[in-house]
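To keep things clear, I will list the structure first and then write my remarks on it.
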Amino acid sequence: IGYLEYSYTMNSGTATAMLQNKAGAFVAPSPESARAALSRVQMPEDLIAWVPDPEGPDSYPIVSFTWILCRKVYDEPEVGETLKRVLLYGVGDGQKCSKDLGYVPLPEAIAQRVRTAIETIEVRTTVPETAPRRVPRVSLKTP
293 IGYLEYSYTM NSGTATAMLQ NKAGAFVAPS PESARAALSR VQMPEDLIAW
343 VPDPEGPDSY PIVSFTWILC RKVYDEPEVG ETLKRVLLYG VGDGQKCSKD
393 LGYVPLPEAI AQRVRTAIET IEVRTTVPET APRRVPRVSL KTP
């Protein structure tokens, strides 16, 4: 017995199992049962939430959010601005294709908090004198 992310099982045709949740109901993995579980999460300020055996009769008992860790400050404007645009797309229009990919769109209240967090990412247009110098990328090639 093992655990795979739902998107892998959906795309590979791997068999899944109904699991008994906290309410005592046996629930199959699906975008709907994951949404039922995630919609009950009280998201903390730091946007890091664990969802062990969530409440609700329709909630699948093994669900999680997917996180992206970012720096708070980017000294390269092109990198920082591109990252912010990609992240904002992911919690905006990108949510529309979630179900087709085997994921669940974020509840809107959480998506809004994520958008607010993304907007706090600072993109500097000039690098301060005290900033560490960027280490050049090294290519290791074998003969």
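First residue of the sequence shown: 293, per this note's numbering; consecutive thereafter.
Glycine included, every Cβ here is placed at the ideal spot set by N, Cα and C.
Within 10 angstroms of the beta-carbon of Ala-309 lie fewer than 16 other beta-carbons, which makes it exposed. Separation of Glu-297 and Val-378 (C-alpha to C-alpha, rounded to the nearest whole angstrom) is 23 Å.
For Tyr-381, the closest alpha carbon among the candidates Glu-368, Pro-369, Glu-370, Val-406 is that of Val-406.
Around Val-355, the same chain offers Ala-326, Ala-329, Leu-330, Val-343, Pro-346 as residues with beta carbons nearer than 7 Å, after the five sequence neighbours per side are excluded.
When Pro-349, Pro-397, Arg-416 are compared, the shortest CA-CA separation from Phe-318 is found for Pro-349. A distance below 7 Å between beta-carbons, with the five flanking residues on each side excluded, links Thr-374 to no residue of its chain. Assignment of beta-bridge partners to Phe-318 by DSSP yields Gln-312. Closest by C-alpha distance to Arg-363, out of Thr-412, Glu-337, Leu-339, Ala-307, is Thr-412.
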